[in-house]
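Asks: Here it is: the structure, laid out below.
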Amino acid sequence: MNGGFYHGGIASASCRPALPGSCPSGPRPRGDDLASRLRVPAGQLRLSGTCQGWVGCARVGSTSMMAGRRGDGLATLPFFLLMAAVFVVYVGYGIVLPLLPFLLERLLGDAARFSVAWHTGMIAGIYMLALFVGAPLWGRVSDRVGRRPVILLGLGGCVLTLATFGLATNLWLAYLARGLGGALVAAVLPVALAYVSDTSAPEVRARRFAWMTAATTLGFMAGPLLGGWLTELQVGGLMEVGAGGSFSAPFFTAAAGGVVIWLAVWRWLPGISPAPHAAPVQHSSRNVHSVNVLLLLALLGMFGLGAFEVAIALQGQQVLGLDPLQIGWMFMECSLVMVAVQMLVFSPLVRRVGFRFIITPAFLAMAVGVGLLPSAANWNWLILLVGLFAAGSGILIPMLAYRITLNAGLAQGAALGKQTAAASLGQGLGSAAAGWLYGIAVEAPFWLTAALLLAGALAGMAAGRRVPATAE
């Protein structure tokens, strides 16, 4: 793919991609109409092609607006910027995980293990619960004002709250920074996915979503590793190794990366207008029920992920005696497995295998992996179980997001906001529950999470009978 912005029209616009062998029912779009959507002077825009081809190529002056020669609708640079935006957001999220128990030990002084575990779960949970509140709001706002300004706002909020968390010297400031961070970061992921959905042809949307999810998992991989590594360094006396030292450098580093991405998005990400006078999409009662079931599955799956993240960090610090860098390596392994399975599953299986034959095994893998973690007697056994859990979650998360968009129609931002909200609520509840249960019994969060994931497997089996293989 090279040059330009659009090929195959805009998925949420009046000029929508035509599938091979079919023609749009409405009149051929005028160049002036498309020019107004692309925000270019109408006289510089011309359309080429026939019935199938009019969705093909728009040109501005002598510069091609094509995203490439394969009709996938979104140019390489804008898509890369969207991936970079979600990557840096998840670096900021992941960088907290291996450091949080150690940071809380410093802030709480000689507090008991229960207090450290409880606040670890609550600080992780409040971030995700703020995402739950903010995601639907930002999705609807982006449907009205456009995707680009909302993404820029979310990235700016990510930078500011990361720097604030790095400066936290007491609990209330740590809670405030993470809560505001979650609310503002909620403007990035669902809106970036909506941007991709708006500007991608249906036949490549699933693969694009897999790449976006891969960017989140790569960020989640880099964050813990970067946080653990920087904590182990002594930089001119600013940081000291150990629980009593400063933990500012990892957060300042992530914030600096966020500034670079913000500037790149501001400079090179093209704006797209919301669809004018878009009629609401009518769903059958069956479709509405399917969406609700998918949202419930997303909530259960992310409850498992949130509980896993908090419980494994606490187990690594308090039971296994791991340092932040070792915990970071464990999270990195988790993310690598997630990326690998996402690239394997999309796109061949998504077209050939029934929904329940993907979702149910994913839930089962997560349940077995987390349920056996308390019995891990050595590092190799621990890594195997973490990898099993990661494989299941790496399949589950993008598949559910993709399925929900199939029912979204033109309101991609609102639909993905709901999905992000359900996922964030589940992850926030899982994080908080894991911190509270871990203070009572080390095994409790692992076993409760496994039980809920088994329930998700059963629900996925039942839902699979109503959700057909993708029509895209």
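In the working numbering, the protein residues as written are 349 to 820. The beta-carbon is built from N, C-alpha and C at its ideal position, and this holds for glycine as well.
#1: Using only alpha-carbon positions, find the residue among A540, A465, G440 that is nearest to V489.
#2: Determine the extent of the alpha helix (DSSP H) in which T424 is found, giving its start and end residues.
#3: Under a Cβ-count criterion, where at least 16 other Cβ atoms within 10 Å of its own Cβ denotes burial, should I660 be classed as buried or exposed?
#4: Among L754, A713, Y750, which one has its Cα closest to the Cα of S741?
#5: Under the three-state reduction of DSSP, which class applies to F595: helix, strand or coil?
#6: Express the C-alpha separation of V552 and L452 in angstroms, rounding to a whole number.
#7: Does S463 come out as helix, strand or coil in the three-state DSSP assignment?
#8: Between which residues of its own chain and F480 is the CB-CB distance below 7 Å, once the five residues before and five after are set aside?
#9: Buried or exposed: N468, going by 16 or more other Cβ atoms within 10 Å of its Cβ?
#10: Taking all protein chains shown into account, decide if F462 is buried (16 or more other Cβ within 10 angstroms of its Cβ) or exposed.
#11: What do you reckon, are the CB atoms on G575 and L447 nearer than 8 Å?
#12: By the three-class DSSP mapping on this structure, what secondary structure does Q400 have?
#13: For L501, which residues of its own chain have a beta-carbon under 6 Å away from its beta-carbon, when the five flanking residues on both sides are left out?
#14: Please report the residue range of the alpha helix (DSSP H) in which L501 lies.
#15: Grouping DSSP H, G and I as helix and E and B as strand, with all else coil, what is L447?
#16: Please report how far the alpha carbon of S638 lies from the alpha carbon of M560, in whole angstroms.
#17: Should T509 be labelled buried (16 or more other beta-carbon atoms within 10 Å of its own) or exposed?
#18: In whole angstroms, what is the alpha-carbon distance linking N518 and P426?
#19: Within 8 Å, do at least three Cβ pairs link the stretch 789-803 to the stretch 710-725?
#20: Any idea what DSSP makes of E681, helix, strand or coil?
#21: Closer than 8 Å by C-beta to V544: which residues in its own chain qualify, once you throw out the five before and the five after it? Chain order, please.
#22: Whose CA, out of L647, R496, V658, lies closest to the CA of Y786?
#23: Quick check: what's the CA-CA separation for L653 versus L644?
#24: From this set, G804, L578, A433, V693, which residue's C-alpha is nearest G827's C-alpha?
#25: For E791, which three-state DSSP category applies?
#26: Please return the same chain residues whose Cβ sits closer than 6 Å to the Cβ of V718, not counting the five positions on each side in sequence.
#27: Please tell me whether I745 and G676 are closer than 8 Å, where the distance is taken between their beta carbons.
#28: Tell me the rounded alpha-carbon separation between V439 and F679.
Replies: Considering the structure as presented:
#1: Among A540, A465, G440, the Cα nearest to that of V489 is on A540.
#2: It spans 424-442 - the alpha helix (DSSP H) in which T424 sits, taken as one unbroken run.
#3: So I660 ends up on the buried side.
#4: Nearest C-alpha to S741: A713.
#5: Looking at F595 - three-state DSSP - the assignment turns out to be coil, as it is neither helix nor strand.
#6: Taking the straight line joining both Cα atoms gives about 44 Å.
#7: In the three-state scheme derived from DSSP, where H, G and I count as helix and E and B as strand, S463 is classed as helix.
#8: Beyond the five residues adjoining it in sequence on each side, F480 comes within less than 7 Å, by CB distance, of A769, S772, L773, G776 in the same chain, given in chain order.
#9: Sequence inspection shows Thr at residue 468; the Asn mentioned does not correspond to that position. It is buried - the Cβ of T468 has at least 16 other Cβ atoms within 10 Å.
#10: Taking all protein chains shown into account, F462 has fewer than 16 neighbouring C-beta atoms within 10 Å of its C-beta and is therefore exposed.
#11: One thing to note: G575 has its Cβ within 8 Å of the Cβ of L447.
#12: Confidence at Q400 is low in this model, with a pLDDT of 32, below 50, so its placement is unreliable and the value that follows should be read with caution. If DSSP states are grouped into helix, strand and coil, Q400 belongs with coil.
#13: Closer than 6 Å at Cβ, skipping near neighbours: A535.
#14: Looking at the DSSP string, the run of the alpha helix (DSSP H) that includes L501 is 495-514.
#15: Note: L447 maps to coil in three-state DSSP.
#16: S638 and M560 have their C-alpha atoms roughly 24 Å apart.
#17: With 16 or more Cβ atoms within 10 Å of its Cβ, T509 is classed as buried.
#18: Taking the straight line from one Cα to the other gives about 40 Å.
#19: The stretch 710-725 is in contact with the stretch 789-803.
#20: In this structure, E681 counts as helix in the three-state DSSP scheme.
#21: Result list for V544: L422, F427, L430, R553, R556, F557, M560, in chain order.
#22: Comparing alpha-carbon positions, the option among L647, R496, V658 lying closest to Y786 turns out to be V658.
#23: So the alpha carbons of these two residues sit roughly 14 Å apart.
#24: In the structure as shown, the chain starts at 349 and stops at 820, and residue 827 therefore has no counterpart that could be examined.
#25: Reduced to three states, the DSSP call for E791 is coil.
#26: Only F656, F737, F794, T797, A798 meet the Cβ criterion.
#27: Taking 8 Å as the Cβ cut-off, I745 and G676 do not qualify as a contacting pair.
#28: Each residue's alpha carbon lies about 12 Å from the other.
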